[in-house]
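Read the structure below first, then the notes.
There are 2 protein chains.
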Amino acid sequence: MSSDHLAPPGSAAEAYAGRRSAAEEGRAVVAAATVGTLATLTGDGEPWASVVTFAALGDGAPVLCVSTYARHGRNLAADARASLAVAEPFGPGEDLSDCARVTLAGVAEAPVGGELDAARDAYHAAIPRSEGYSGWDDFAFWVLRPAEVRWVGGFGRMDSATAADYAAAEVDPVLPHVAGAIEHLNADHADALLAMARGLAGLPHASAARCRRADRYGLDLSIDTPEGEKWERVAFAERVDEPDGLRAATVELTRRARLSR
Amino acid sequence: MSSDHLAPPGSAAEAYAGRRSAAEEGRAVVAAATVGTLATLTGDGEPWASVVTFAALGDGAPVLCVSTYARHGRNLAADARASLAVAEPFGPGEDLSDCARVTLAGVAEAPVGGELDAARDAYHAAIPRSEGYSGWDDFAFWVLRPAEVRWVGGFGRMDSATAADYAAAEVDPVLPHVAGAIEHLNADHADALLAMARGLAGLPHASAARCRRADRYGLDLSIDTPEGEKWERVAFAERVDEPDGLRAATVELTRRARLSR
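In the order they appear, the protein sequences are chains A and B.
FYI, our numbering numbers position 26 of the first sequence as 26, with every residue one higher than the one before it.
Every number in our numbering is 1000 more than the matching position in the second sequence, counting from 1.
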């Protein structure tokens, strides 16, 4: 992919990357999920993986609510070093090559005061049924403080983010609308996607294009070409800041694609 | 749940548990998935969780194919202690209370000879795209030898299995037909499910029943009663050994339920 295709006309390519940072990607994966897998240490210092539900605080730190009857609850109480892996939803038989996931590694702490209230509220909102058990004596809230953030985006994209960048990054506001937007684009606007592939992705001989991912900065297309399928990024003219802003940004992208022919 | 409802007429309840063992449950979870999360140890002995694809050998031992460029690949090469957590598919917002998952913990080994061939074949069958990269220099196959197996079945069911029982257990042959059977029962046979609830689950005042899980030994029903929703197990007369045997077993269960009124 050549970077000139990413730069909208009139903007400085340096100032507008046209895609989310690793920190933003990590925040998006965490925001979209309530189930992950926690790695803790057994008494012998061996790794132990267990599936857990979680919520996220405003800075993306995961909140856990675990029982001391659970192995990972006992592990955490004895050694609070922990790591949480979270993946986008994927289907049976998928091989992850098109699936984003993130690993947060750090130390779990018992929240107190206002943060305990925030942790409880976030957890109950994410896992409503937890209101029925989170107050039991054997359950406790934990907040995993990420010291290391590793994102793998699928199709060869991966990067690390600093803990500070991860905490400061915004959750992509269009996230709740992405699945519907992709479905709509592929079902009803194949012509617009093909125009983007030909006019903006530098593939004038493209014969078809499908939208595979979308975010506040643009779309990822898989494009049929005489040389085979290619993945390309087409960037919006500017960052989308409204949750329902994908439609207008995509219309602008289509207009620009058709003009560029 | 009282155990007398589990015993089919004429059989010895002791000899026929009417449900899968923890080892069989673990094998079923692993057989149904190709994605899990691996816990490994960093150079500092800290836990590291990463999402991985896997296949299973005939004894249920997971096969991994990992690159030394991946963090978990480097971790494994330095310290082969590892744990893999695998969950049933679940939807967004689900809280795991109805989701089975298993943790296998042990040591990863590099397979050799015939086992390397078996590992490669199993992995390529599970993750077809891996044929394109599994032979690259930085990729290696690993077999995780489970020393400990922990199964959590959802709704309060959990148990450990010995490594030997896990290895010896059969993968439930009806597994590929379960989702379709449940859909069909709930869509077209509400009357039969209600008869089971009233006649076999000891809930004569039940007003409706839905099938929530199914396996070679029987069905789990969620049942509306004057006292609220209850989960109950109704066991087949005998273990189903044929992949397509759920239908006949369910017909027999319905017949028995109606006779018992």
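In this text, a Cβ means the ideal position worked out from N, Cα and C, and glycines have one as well.
| field | Of the residues 148/A, 33/A, 154/A, 111/A, the one placed nearest residue 1046/B, counting alpha carbons only | value | In the second sequence, residue 1046/B corresponds to position 46, counting from 1. Looking at 148/A, 33/A, 154/A, 111/A, the one whose alpha-carbon comes closest to that of residue 1046/B is 148/A.
| task | Return the first residue and the last residue of the beta strand (DSSP E) that residue 247/A is part of. | result | Position 247 of the first sequence, counted from the first residue, corresponds to residue 247/A. Element bounds for residue 247/A: not the beta strand (DSSP E) but the alpha helix (DSSP H), 246 to 259.
| task | Let me know if residue 242/A comes out buried or exposed under the rule of 16 or more other beta-carbons within 10 Å of its beta-carbon. | result | For this step, residue 242/A is matched to residue 242 along the first sequence. It counts as exposed.
| said: Could you pull the DSSP bridge partners for residue 1066/B from this structure? | reply: Your numbering for residue 1066/B matches position 66 in the second sequence. Answer is 1140/B, bridged to residue 1066/B.
| residue 1068/B CB to nearest chain A CB: under 8 Å? | The count along the second sequence starts at 1 and reaches residue 1068/B at position 68. No, its Cβ sits nowhere closer than 8 Å to a Cβ of chain A.
| request: State the DSSP-derived secondary structure class of residue 1113/B, mapped to helix, strand or coil. | output: As a first step, residue 1113/B must be located in the second sequence, where it is residue number 113. Residue 1113/B falls in the helix class under three-state DSSP.
| When burial is assigned at 16 or more other CB atoms within 10 Å of the CB, is residue 1187/B buried or exposed? | Along the second sequence, one-based indexing puts residue 1187/B at 187. The residue in question, residue 1187/B, is exposed, as its Cβ has fewer than 16 Cβ neighbours within 10 Å.
| field | Proximity test, Cβ basis, 8 Å: residue 1060/B and chain A | value | Against the second sequence, residue 1060/B aligns to sequence position 60. No, residue 1060/B lies away from the interface with chain A (no Cβ there is under 8 Å from its Cβ).
| task | List the residues of chain E that residue 49/A touches, going by C-beta distances under 7 Å, in chain order. | result | In the structure shown, chain E does not exist; the protein chains are A and B.
| task | Could you pull out every residue in the same chain whose Cβ sits closer than 7 Å to the Cβ of residue 111/A, ignoring the five residues on either side in sequence? | result | Locating residue 111/A in the first sequence gives position 111, where the first residue counts as 1. So the qualifying residues of the chain are 119, 141, 143.
| Members of the stretch 1105 to 1128 of chain B near chain A, C-beta cut-off 7 Å | 1105, 1127
| request: For residue 1252/B, decide whether its Cβ has a neighbour in chain A, counting only Cβ atoms nearer than 8 Å. | output: Counting from one through the second sequence, the residue named residue 1252/B turns up at place 252. Not an interface residue.
| request: Quick one: list the residues of chain B neighbouring residue 45/A, beta-carbon separation under 7 Å, in chain order. | output: Stepping through the first sequence from its first residue, residue 45/A is reached at position 45. Near residue 45/A (Cβ distances below 7 Å), the residues of chain B are 1045.
| request: Can you pull the chain A residues whose beta carbon is under 8 Å from the beta carbon of residue 1071/B, in chain order? | output: Mapped onto the second sequence, residue 1071/B falls at position 71. Under the 8 Å cutoff, chain A gives 103, 150.
| message | The beta strand (DSSP E) that contains residue 25/A, what's its start and end? | response | Position 25 of the first sequence, counted from the start, is the residue given in the question as residue 25/A. Not the beta strand (DSSP E): residue 25/A falls in the alpha helix (DSSP H), residues 22 to 32.
| Quick one: Cα of residue 1253/B to Cα of residue 1232/B, how far? | Here residue 1253/B refers to the residue found at position 253 when the second sequence is read from its first residue. Here residue 1232/B refers to the residue found at position 232 when the second sequence is read from its first residue. When rounded, the distance between both Cα atoms is 14 Å.
| So does the stretch 45 to 62 of chain A actually touch the stretch 202 to 220 of chain A, counting three or more Cβ pairs closer than 8 Å? | no
| For the stretch 1177 to 1253 of chain B, which segments carrying the alpha helix (DSSP H) assignment without a break, of at least 4 residues, lie completely within its bounds, in sequence order? | 1178 to 1188, 1190 to 1199
| In terms of residue numbering, what span does the beta strand (DSSP E) encompassing residue 1129/B cover? | Within the second sequence, residue 1129/B is the residue found at index 129, counting from 1. Here residue 1129/B belongs to no beta strand (DSSP E), and DSSP marks it neither H nor E.
| query | Quick one: what's got a C-beta closer than 6 Å to residue 1216/B's C-beta in the same chain, skipping five residues either side? | reply | Sequence index remark: in the second sequence, residue 1216/B carries index 216 (1-based). Closer than 6 Å at the Cβ level, and outside the excluded window around residue 1216/B, lie 1172, 1174, 1239, 1240.
| Closer than 8 Å, CB to CB, is residue 1180/B near chain A or not? | The residue you call residue 1180/B lines up with position 180 of the second sequence. So, not an interface residue.
| request: Measure the C-alpha to C-alpha separation of residue 1056/B and residue 1077/B and round it to an integer number of angstroms. | output: The count along the second sequence starts at 1 and reaches residue 1056/B at position 56. The count along the second sequence starts at 1 and reaches residue 1077/B at position 77. Rounded to the nearest angstrom, the two C-alpha atoms are 21 Å apart.
| query | Per DSSP, what kind of secondary structure is residue 1167/B in: helix, strand or coil? | reply | Walking along the second sequence from the start, residue 1167/B turns up at place 167. The answer is helix: DSSP assigns residue 1167/B an H, G or I state.
| field | C-alpha distance - residue 189/A paired with residue 258/A, whole-angstrom precision | value | Taking the first residue of the first sequence as position 1, residue 189/A is located at position 189. Taking the first residue of the first sequence as position 1, residue 258/A is located at position 258. C-alpha separation (whole angstroms): 13 Å.
| Hey, how far is the Cα of residue 105/A from the Cα of residue 88/A? | Taking the first residue of the first sequence as position 1, residue 105/A is located at position 105. Taking the first residue of the first sequence as position 1, residue 88/A is located at position 88. Computed Cα separation, rounded: 18 Å.
| field | Length of the line joining the Cα atoms of residue 1008/B and residue 1236/B | value | Locating residue 1008/B in the second sequence gives position 8, counting from the first residue. Locating residue 1236/B in the second sequence gives position 236, counting from the first residue. Any reading at residue 1008/B must be qualified, since the residue scores a pLDDT of 43, below 50, and its modelled position is unreliable; the value itself is stated next. Going from the Cα of residue 1008/B to the Cα of residue 1236/B covers about 7 Å.
| For residue 1081/B, the three-state DSSP class (helix, strand or coil) | Walking along the second sequence from the start, residue 1081/B turns up at place 81. Residue 1081/B: strand per DSSP, three-state reduction.
| request: Measure the Cβ-Cβ separation of residue 84/A and residue 36/A and say whether it is below 8 Å. | output: Position 84 of the first sequence, counted from the first residue, corresponds to residue 84/A. Position 36 of the first sequence, counted from the first residue, corresponds to residue 36/A. Residue 84/A places its beta carbon less than 8 Å from that of residue 36/A.
| query | The beta strand (DSSP E) with residue 36/A in it runs from where to where? | reply | Locating residue 36/A in the first sequence gives position 36, where the first residue counts as 1. First-last of the beta strand (DSSP E) with residue 36/A: 35 to 41.
| query | Bridge partners of residue 88/A, per DSSP? | reply | Counting from one through the first sequence, the residue named residue 88/A turns up at place 88. In DSSP, residue 88/A forms no bridge with anything.
| task | Quick one: measure Cβ to Cβ for residue 25/A and residue 151/A, integer angstroms, because I've assumed they're closer than 8 Å. | result | Taking the first sequence and counting its residues from 1, one reaches residue 25/A at position 25. Taking the first sequence and counting its residues from 1, one reaches residue 151/A at position 151. Indeed, because the Cβ distance is near 5 Å, the residues count as touching under 8 Å.
| query | Can you tell which of 1130/B, 1182/B, 1227/B has its C-alpha closest to the C-alpha of residue 1034/B? | reply | Walking along the second sequence from the start, residue 1034/B turns up at place 34. Of the listed residues, the one whose Cα sits closest to residue 1034/B is 1130/B.
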